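First comes the structure, then the notes that go with it.
Number of protein chains: 2
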Amino acid sequence: MPENKSARADRILDAAADLLLRWGYRRVTIDEVAKRAGVGKGTVYLHWRSREALLMAVLLRESVGMFTAVAEHVRRDPDQVRLSALMSALYLESSARPLVLALYTKDTETLGTLVQTSSGTQVQGVKLVTFEEYYHLLREHGLLRADVSNDEVSYACAAVLFGFFTMSQLAPAEFAQPREQEAGMLAGVLRARFEPPRPSKRAAEALAPKIVSLLEDLATQYHELIYRPDISEGG
Amino acid sequence: MPENKSARADRILDAAADLLLRWGYRRVTIDEVAKRAGVGKGTVYLHWRSREALLMAVLLRESVGMFTAVAEHVRRDPDQVRLSALMSALYLESSARPLVLALYTKDTETLGTLVQTSSGTQVQGVKLVTFEEYYHLLREHGLLRADVSNDEVSYACAAVLFGFFTMSQLAPAEFAQPREQEAGMLAGVLRARFEPPRPSKRAAEALAPKIVSLLEDLATQYHELIYRPDISEGG
DNA sequence: GTGTGACCAGTTTTGAAATCTGGTCACAGG
DNA sequence: CCTGTGACCAGATTTCAAAACTGGTCACAC
Numbered sequence: 001m002p003e004n005k006s007a008r009a010d011r012i013l014d015a016a017a018d019l020l021l022r023w024g025y026r027r028v029t030i031d032e033v034a035k036r037a038g039v040g041k042g043t044v045y046l047h048w049r050s051r052e053a054l055l056m057a058v059l060l061r062e063s064v065g066m067f068t069a070v071a072e073h074v075r076r077d078p079d080q081v082r083l084s085a086l087m088s089a090l091y092l093e094s095s096a097r098p099l100v101l102a103l104y105t106k107d108t109e110t111l112g113t114l115v116q117t118s119s120g121t122q123v124q125g126v127k128l129v130t131f132e133e134y135y136h137l138l139r140e141h142g143l144l145r146a147d148v149s150n151d152e153v154s155y156a157c158a159a160v161l162f163g164f165f166t167m168s169q170l171a172p173a174e175f176a177q178p179r180e181q182e183a184g185m186l187a188g189v190l191r192a193r194f195e196p197p198r199p200s201k202r203a204a205e206a207l208a209p210k211i212v213s214l215l216e217d218l219a220t221q222y223h224e225l226i227y228r229p230d231i232s233e234g235g
Numbered sequence: 001m002p003e004n005k006s007a008r009a010d011r012i013l014d015a016a017a018d019l020l021l022r023w024g025y026r027r028v029t030i031d032e033v034a035k036r037a038g039v040g041k042g043t044v045y046l047h048w049r050s051r052e053a054l055l056m057a058v059l060l061r062e063s064v065g066m067f068t069a070v071a072e073h074v075r076r077d078p079d080q081v082r083l084s085a086l087m088s089a090l091y092l093e094s095s096a097r098p099l100v101l102a103l104y105t106k107d108t109e110t111l112g113t114l115v116q117t118s119s120g121t122q123v124q125g126v127k128l129v130t131f132e133e134y135y136h137l138l139r140e141h142g143l144l145r146a147d148v149s150n151d152e153v154s155y156a157c158a159a160v161l162f163g164f165f166t167m168s169q170l171a172p173a174e175f176a177q178p179r180e181q182e183a184g185m186l187a188g189v190l191r192a193r194f195e196p197p198r199p200s201k202r203a204a205e206a207l208a209p210k211i212v213s214l215l216e217d218l219a220t221q222y223h224e225l226i227y228r229p230d231i232s233e234g235g
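First to last, the protein sequences are chains A and B.
Position 67 of the first sequence, counting from 1, maps to 67 under full-length UniProt numbering, and the rest follow consecutively.
Position 95 of the second sequence, counting from 1, maps to 95 under full-length UniProt numbering, and the rest follow consecutively.
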């Protein structure tokens with residue numbers, strides 16, 4: 001055993017991710033994944049309880065990368081913690097990751113029934129809670145308009161984000177825009193509706209570190225689910 | 001022939017619409033439509049060139065109803081011509097018409113490949129032109145913010161509208177909102193981003209009749225396509 | 001202890017026959 | 001001569017059983 005277990009897990013995930021993108025959810029077989037990762041089939045099951053858990057882990061790893069990148073943005077420039085900037089970054093970072101994009105556009109060819117499974121909804125739940133916490137903190141720091149409720153931010157913001165994702169995917173060619181421009185439009189909409197007219201730079205600086213931890217916590221939770229999916233066995 | 005031809009066409013469309021909603025695109029058969037409409041199968045083909053043309057006509061008739069209703073809103077209250085109000089009305093009227101809703105949410109189970117066909121894209125084209133004209137007139141009357149380009153209105157507005165439609169369809173139950181509230185949120189987003197701070201009431205009153213005609217023209221064009229689909233034969 | 005692939009049961013794919021359906025048109029009815 | 005019809009056809013879809021495949025296990029090799 002000349003190799004690190006975590007490195008092996010990542011090699012398996014690499015193979016699975018590659019197949020998932022190339023062939024779509026249905027065609028990914030454990031045999032093929034194992035072959036490409038250079039391990040025996042049984043070895044895959046030493047890491048994940050089932051095929052579904054493996055593919056879910058692939059998505060989670062992509063998501064970790066995305067959230068880490070967004071956290072990095074905020075760390076570098078605290079002003080990026082504002083709703084419009086953070087969602088814009090989320091949009092761009094997701095767009096650059098095909099599997100995450102598939103997640104947001106409900107691409108069932110690529111993701112199959114993965115998001116509808118119990119572990120899938122569980123993961124969505126974790127993400128949801130994080131977002132609600134983010135909105136809550138934004139408000140506490142005076143970075144949301146007073147005349148818009150948190151429920152409205154939560155719903156309308158999701159709708160807008162969703163709209164931009166689907167639009168970029170299936171808009172006819174004559175409508176296509178550069179990603180950065182789409183992200184800019186998205187930011188414009190969110191800023192105009194949900195941010196106060198003159199957001200306090202100081203408030204953003206105070207909030208930024210909290211959001212960075214929040215995102216890193218989320219990444220950590222995901223990381224746990226990727227490499228220790230069997231943590232709550234024997235239910 | 002004791003009956004009006006247009007009435008017969010509508011009876012066939014009624015039957016087809018019913019089946020389309022009940023059974024979805026794939027299961028609608030011309031035989032069944034004819035039987036329910038109380039006519040022979042061949043008679044259906046006296047009205048429409050093909051199955052696809054018939055089903056397209058069903059959608060067009062629904063759309064005509066929707067646009068007519070929106071036009072009526074604007075006629076009753078000229079202030080409803082503003083982007084946020086008109087889109088909000090469009091949202092509500094579409095939501096009340098399952099087939100139109102299916103159109104906006106790309107419900108392929110119900111619509112099949114209908115929107116992707118040549119006549120489908122042609123119809124979309126007509127609608128698109130009408131919307132562009134609407135944006136153009138809004139700007140001419142000073143009812144759009146000067147700092148947002150028409151291209152941005154066109155793209156971002158579509159994205160936002162799209163987002164609210166998809167959100168209402170597939171949001172998890174705990175997110176569900178009353179339609180009117182969703183429409184209100186939609187209006188709030190569009191107003192904040194695209195409308196000038198204090199839109200002129202007088203401008204709206206001047207514009208309203210033009211938009212009413214624009215919508216009625218669109219309805220007329222659709223009407224033509226519904227009952228005379230073979231107008232451009234022998235290509 | 002760690003890793004493997006032969007093995008099993010249940011699912012999916014295959015392919016050819018049977019059925020169905022969009023579209024036509026010769027003819028009935030007036 | 002005109003309108004409306006349903007039997008008919010070719011091609012598409014469904015059916016169903018046999019064959020092939022695949023997720024997951026575990027006895028065994030190292």
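Yeah, the Cβ is synthetic: ideal placement off N, Cα and C, and Gly gets one too.
Treat the numbers as computed from the prediction; the structure is a model and nothing was measured.
For a cut-off of 8 Å, the C-beta gap from V123 (chain A) to A219 (chain A) is around 13 Å, too long to register as a contact. At a beta-carbon threshold of 9 Å, the residues of chain A lying near T166 (chain B) are K106, A159, F162, G163 and T166, ordered along the chain.
Judged by DSSP in its simplified three-state form, R228 (chain B) adopts coil rather than helix or strand. Distance from the CA of A159 (chain A) to the CA of I226 (chain A), rounded to the nearest whole angstrom, comes to 28 Å. Look at E195 (chain A) here: in three-state DSSP terms it is coil, with no helix or strand label. The Cβ of Y155 (chain B) sits closer than 8 Å to at least one Cβ of chain A. At a cut-off of 8 Å between C-beta atoms, Q116 (chain B) does not count as an interface residue with respect to chain A. For the 8 Å CB-CB criterion, L161 (chain B) and Y222 (chain B) do not form a contact. Using a Cβ-Cβ distance cut-off of 8 Å, the stretch 2-12 of chain A and the stretch 30-39 of chain A are in contact, since at least three pairs of beta carbons, one from each stretch, lie closer than that value. At a cut-off of 8 Å between beta-carbon atoms, F175 (chain B) makes contact with chain A. Shown here for V212 (chain B): same chain residues with a beta carbon closer than 6 Å to its own, the five before and five after excluded, namely A71, V74 and R75 in chain order. Looking at the backbone, the Cα of L137 (chain B) and that of L207 (chain B) are separated by about 8 Å. Sequence-ordered contacts of the stretch 185-200 of chain B with chain A read M185, G188, V189, A192 and R193 [C-beta pairs closer than 7 Å]. Against E152 (chain B), the close residues of chain A are M185 and G188, in the order they occur along the chain (beta-carbon pairs closer than 8 Å).
Scanning the UniProt domain "HTH tetR-type" (6-66) of chain B from its first residue to its last, the whole alpha helix (DSSP H) runs of 4-plus residues come out as 30-37 and 41-47. Ranked by Cα distance from H141 (chain B), the options B:D79, B:V44 and B:S88 are led by B:D79.
A distance below 7 Å between beta-carbons, with the five flanking residues on each side excluded, links S94 (chain B) to the following residues of its chain, in chain order: M66, V100, L101 and Y104.
Under the Cβ criterion (8 Å, minimum of three pairs), the stretch 164-173 of chain A counts as touching the stretch 104-113 of chain A. Closest by C-alpha distance to M56 (chain A), out of A:K201, A:V28 and A:P197, is A:V28. Rounded to whole angstroms, the separation of the alpha carbons of Q169 (chain B) and A156 (chain B) is 20 Å. In the structure shown, A187 (chain B) adopts helical secondary structure according to DSSP, grouped into three states.
Residue environment: W23 (chain B) is assigned as exposed (fewer than 16 neighbouring CB atoms within 10 Å of its CB, all protein chains considered). V129 (chain B): member of the alpha helix (DSSP H) spanning S118 to E140, first to last residue. Annotation: P197 (chain A) to P209 (chain A) spans about 23 Å, alpha carbon to alpha carbon. Taking a 10 Å sphere around the C-beta of V189 (chain B), we find 16 or more other C-beta atoms and assign the residue as buried.
Shown here, T105 (chain B) sits in coil according to DSSP, grouped into three states, outside any helix or strand. If you check the CB distance, R193 (chain A) and A146 (chain B) do not come in under 8 Å.
In this structure, DSSP gives P98 (chain A) a helical state, which the three-state scheme calls helix. Around the beta carbon of P178 (chain A), fewer than 16 other beta carbons sit within 10 angstroms, so the residue counts as exposed. Our two residues, E180 (chain A) and Y45 (chain B), have alpha carbons roughly 50 Å apart in a direct line. Separation of V148 (chain B) and T121 (chain B) (C-alpha to C-alpha, rounded to the nearest whole angstrom) is 28 Å. The straight-line gap separating the alpha-carbon atoms of M185 (chain A) and V153 (chain B) is approximately 9 Å. Cβ contact annotation for D31 (chain B) (same chain, cutoff 8 Å, sequence separation greater than five): K41, in chain order. The residue among A:Y135, A:A15, A:D18 and A:L54 with its C-alpha nearest the C-alpha of M87 (chain A) is A:Y135.
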